[in-house]
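Trainee: Structure in structure tokens, see below.
Structure follows, in structure tokens:
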């Protein structure tokens, strides 16, 4: 029946496809595949109330199913149904399976839907209520996970907070949250999930952290199994921070390191105290942390190293 509906849709007969599946679901109310397909057809035709009804019914029968959680959350967010969205999230979080390979992606999608609603709010009380419920969702999900997965959820939560702080025009705090999210993987960058890398890379670019952006992109490419020659090429050409300035990117670690190098190279100019202090308050990558410590002790190298040692290929 679903195959017939698909063929009708491909032929442009979407109305008949909907009618076919609606009749089938009426006769077979527990057929999840038919419900999924019918909800998708309704959504494609912007019949969102009907789509939500079907998607919610399918999700309620399989509340740990990541794909159905994403679908019903997406539709609820399109309808601006905040309370329904919160209800869906809590239901999923309480039944989250740590063996589900898609759990982190599902949570990232859910967080994005809720964050989009946050961006539409103007009332401070409503914003606080939304953040409280989103944190509650994360806490419940956290309790279902093993230790490694908890670190991944913590990283995702930091990126979520980074994006929300940007919506509130608080870039310095947002930058700190971004660094904290990736710092959980400083000891083993390969352990960083692809979804975290994909979310962090454009944010690194936004803040002028081009060396970090390139390092994360290198890891993402490595995890996605590019040919070895490509790994080496990217490793050897990860870019340079020469052009990154504090004036353009005031919160960038890279820009601040450039500033320290340039200040030292100009005889008699050593206005570095404030910059060094600001760097000590950030979650610095390992190689940069060592460089900053050495610089503060008087060992002034003419250039700073790459943030990570990515020579494992």
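Numbering (our numbering), first residue to last: 2 to 314.
For glycine and all other residues, C-beta sits at the position ideal for the given N, C-alpha and C.
Between the Cα of residue 213 and the Cα atoms of 248, 298, 173 and 256, which residue gives the shortest distance?
Mentor: Position 212 of the chain shown holds residue 213. Per the Cα distances, 256.
Trainee: If residue 152 sits next to residue 185, beta carbons under 8 Å apart, how far is it from one beta carbon to the other, in whole angstroms?
Mentor: Here residue 152 is taken as the residue at index 151 of the chain shown, counted from 1. Here residue 185 is taken as the residue at index 184 of the chain shown, counted from 1. So it is a contact: roughly 5 Å between Cβ atoms.
Trainee: So, do the stretch 86–106 and the stretch 54–70 have three or more beta carbon pairs nearer to each other than 8 Å?
Mentor: Contact holds: three or more Cβ-Cβ distances are below 8 Å.
Trainee: Reducing DSSP to helix, strand and coil, say where residue 124 ends up.
Mentor: Here residue 124 corresponds to residue number 123 of the chain shown, with the count starting at 1. In this structure, residue 124 counts as coil in the three-state DSSP scheme.
Trainee: Counting Cβ pairs, one atom from each stretch, are 3 or more of them under 8 Å apart for the stretch 125–135 and the stretch 171–186?
Mentor: No, because fewer than three Cβ pairs between the stretch 125–135 and the stretch 171–186 fall closer than 8 Å, the two stretches do not touch.
Trainee: Rounding to the nearest angstrom, what Cα-Cα distance links residue 79 and residue 284 in this structure?
Mentor: On the chain shown, residue 79 is found 78 positions in, with the first residue counted as 1. On the chain shown, residue 284 is found 283 positions in, with the first residue counted as 1. Approximately 37 Å, taken between the alpha carbons.
Trainee: For residue 157, I'd like the list of residues in its chain whose CB is within less than 8 Å of its CB, leaving aside the five on either flank, ordered along the chain.
Mentor: The sequence position of residue 157 within the chain shown is 156, counting from 1. Closer than 8 Å at the Cβ level, and outside the excluded window around residue 157, lie 105, 108, 109, 112, 182, 196, 197 and 200.
Trainee: Using CA coordinates, which residue listed in 20, 63 and 21 is at the minimum distance from residue 31?
Mentor: Position 30 of the chain shown, counted from the first residue, corresponds to residue 31. Of the listed residues, the one whose Cα sits closest to residue 31 is 63.
Trainee: What would DSSP say about residue 139, mapped onto helix, strand or coil?
Mentor: Residue numbering aside, residue 139 sits at position 138 when the chain shown is read from its first letter. Helix.
Trainee: Report yes if the CB atom of residue 291 is closer than 8 Å to the CB atom of residue 280, and no otherwise.
Mentor: The residue given as residue 291 occupies position 290 in the chain shown. The residue given as residue 280 occupies position 279 in the chain shown. The answer is no: Cβ separation not under 8 Å.
Trainee: Which one of 252, 193 and 208 has the shortest CA to CA distance from residue 224?
Mentor: The residue labelled residue 224 in the question sits at position 223 within the chain shown. Comparing Cα-Cα distances from residue 224 to each of 252, 193 and 208, the minimum goes to 193.
Trainee: Taking Cβ to Cβ, would you say residue 39 is nearer than 8 Å to residue 53?
Mentor: As a working note, residue 39 is residue 38 in the chain shown. As a working note, residue 53 is residue 52 in the chain shown. Cβ distance not < 8 Å, so residue 39 and residue 53 don't count as in contact.
Trainee: Of the choices 161, 244, 56 and 275, whose alpha-carbon is the least far from that of residue 26?
Mentor: Looking up residue 26 in the chain shown gives position 25. Comparing Cα positions, the closest option is 56.
Trainee: Less than 8 Å between the beta carbons of residue 33 and residue 83, yes or no?
Mentor: Locating residue 33 in the chain shown gives position 32, counting from the first residue. Locating residue 83 in the chain shown gives position 82, counting from the first residue. For residue 33 and residue 83, no; Cβs fall outside 8 Å.
Trainee: Look at the alpha carbon of residue 15 and the alpha carbon of residue 50, and state the distance between them as a whole number of angstroms.
Mentor: In the chain shown, counting from the first residue as 1, residue 15 sits at position 14. In the chain shown, counting from the first residue as 1, residue 50 sits at position 49. Those two C-alpha atoms are separated by around 17 Å.
Trainee: Just to confirm, are residue 304 and residue 262 a CB contact at a threshold of 8 Å?
Mentor: The count along the chain shown starts at 1 and reaches residue 304 at position 303. The count along the chain shown starts at 1 and reaches residue 262 at position 261. Their beta carbons are under 8 Å apart, which means residue 304 touches residue 262 by this criterion.
Trainee: Less than 8 Å between C-beta atoms, sequence neighbours within five positions excluded: which residues of the same chain meet that for residue 172?
Mentor: Here residue 172 refers to the residue found at position 171 of the chain shown. 166, 208 and 252, listed in sequence order.
Trainee: To the nearest angstrom, how far is the alpha carbon of residue 86 from that of residue 169?
Mentor: Working through the chain shown from its first residue, we reach residue 86 at position 85. Working through the chain shown from its first residue, we reach residue 169 at position 168. Taking the straight line from one Cα to the other gives about 22 Å.
Trainee: Closest by CA to residue 161, which one among 115, 310 and 123?
Mentor: For the purposes of this step, residue 161 is identified with residue 160 of the chain shown, where counting begins at 1. If we check each option's Cα against that of residue 161, 115 comes out closest.
Trainee: Among 274, 275, 306 and 298, which has the Cα closest to the Cα of residue 287?
Mentor: Walking along the chain shown from the start, residue 287 turns up at place 286. Checked all of 274, 275, 306 and 298; the closest Cα to residue 287 is 306.
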